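When we follow the UniProt record's numbering, the leftmost residue of the sequence shown carries the number 1, and every step to the right adds one.
No residue lacks a Cβ here, since even glycine has one placed at the ideal position from N, Cα and C.
Owing to the predicted nature of the structure, the values given are computational and were not obtained by experimental measurement.
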Amino acid sequence: MANLPETPQWSDGVYQIETSDPVLGGPDGISNRQAKQLASRTSYLKQQLEQNESELKEHTEAKDPHPQYAPKASPVFTGTPTAPTPAQDANNTQIATTAFVQSLANAANNNANTRLEKNKNGADILDKPAFVKNLGLTAGSALPVGVPIPWPLATPPAGWIKCNGATFTAAQYPELARVYPSLRLPDLRGEFIRGWDDSGKIDPGRALLSLQSGSVGRHDHAFNQTWGATGPDSTGGRYPVSADTNGAALDLPIYTDYYGGNETRPRNIAFNYIVRAV
């Protein structure tokens with residue numbers, strides 16, 4: 001017994017056997033027409049299913065199965081893409097449309113209607129001292145750390161300390177420690193600062209930051225007077241004699257009287273020496 005031949009095609013309808021139809025077998029017999037149509041439909045559906053499965057597999061395994069669409073990562077849009085415009089105060093991951101950007105620009109322009117003149121830049125900063133501090137522009141910030149300067153007040157400004165010979169730590173003032181590695185400030189109380197000789201042969205042998213004691217230059221005072229002893233003198237003293245008067249000649253040293261204090265110094269004005277520490 002043979003099977004009915006199948007043709008993979010879709011029949012729009014299935015033949016209805018009439019009561020008047022004769023019983024006739026065979027591949028094209030009227031009795032087998034319904035079975036043949038249904039078998040052909042089944043064969044057609046099986047063929048379509050296998051084709052779809054094959055195409056789906058190729059699709060899922062393809063590197064770019066949808067070349068007509070923009071990729072999710074760094075897409076390149078063509079044409080004129082649009083998106084919803086966020087609210088002006090939006091702060092999220094929405095796309096910033098040109099309308100959104102324009103609204104922000106208009107708001108900025110409106111806020112800048114009362115623009116400052118160029119020579120008044122910064123006049124609208126509310127807390128100017130804090131702004132200057134945040135920029136690191138403290139008093140004397142143009143001077144390098146470690147520079148001593150004369151200060152007219154007893155208390156140094158912020159970031160400065162007195163040159164009074166005090167010690168400090170590198171943790172306190174790291175930049176100052178690089179300038180004064182001994183971790184001790186020079187004591188400039190009551191002292192004058194002198195330029196370092198640096199092989200100039202004026203003050204040889206001096207090291208930087210070395211202390212030098214006071215000194216008076218070598219000198220003398222020559223003052224000689226001839227005295228003589230003459231006849232009776234009720235006081236027992238001596239008095240000058242002239243060239244035609246006989247007597248014993250004596251050379252006596254003359255001393256100058258004390259004047260002033262206990263040091264040699266020029267005129268001066270007292271300042272408080274301070275050093276930039278930060």
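Which residues DSSP lists as bridging residue i, in chain order
i	result
Y273	P150
D187	N164
Nearest to residue i (by Cα), restricted to the options the options
i	options	result
G79	F271, A70 and T85	A70
I30	Q16, T42, R41 and S43	Q16
N262	F77, G214 and K201	G214
W151	P174, N106 and R189	R189
residue 343	G205, A166, D197 and R206	No answer is possible for residue 343: it lies beyond the span of the chain, which begins at 1 and ends at 278.
D21	N164, N32, G13 and S11	N32
A39	E18, Q48, T7 and Q51	T7
S11	T97, L24, R41 and R184	R41
Distance between beta carbons of residue j and residue i, contact taken as under 8 Å
i	j	result
A99	T85	4 Å
N272	K162	7 Å
V145	R276	5 Å
Range of the contiguous beta strand (DSSP E) that encloses residue i
i	result
K162	W160 to K162
Inter-residue spacing [alpha-carbon to alpha-carbon] between residue i and residue j
i	j	result
N110	S103	11 Å
L143	P156	15 Å
residue 279	E61	A question about residue 279 goes unanswered here, because the residues of the chain that appear run from 1 up to 278.
T169	V147	18 Å
G200	G159	34 Å
K120	D127	15 Å
G122	A105	22 Å
N3	L56	33 Å
Y44	P27	18 Å
Q212	R194	10 Å
R178	V278	12 Å
E175	S182	13 Å
V14	Q37	6 Å
Q88	D64	38 Å
L209	G217	23 Å
Unbroken alpha helix (DSSP H) run spanning residue i, endpoints
i	result
T97	Taken as a continuous stretch (DSSP letters only), T97 belongs to no alpha helix (DSSP H), as it is neither H nor E.
H59	R33 to E61
E263	No alpha helix (DSSP H) holds E263; DSSP gives it neither H nor E.
L176	P174 to V179
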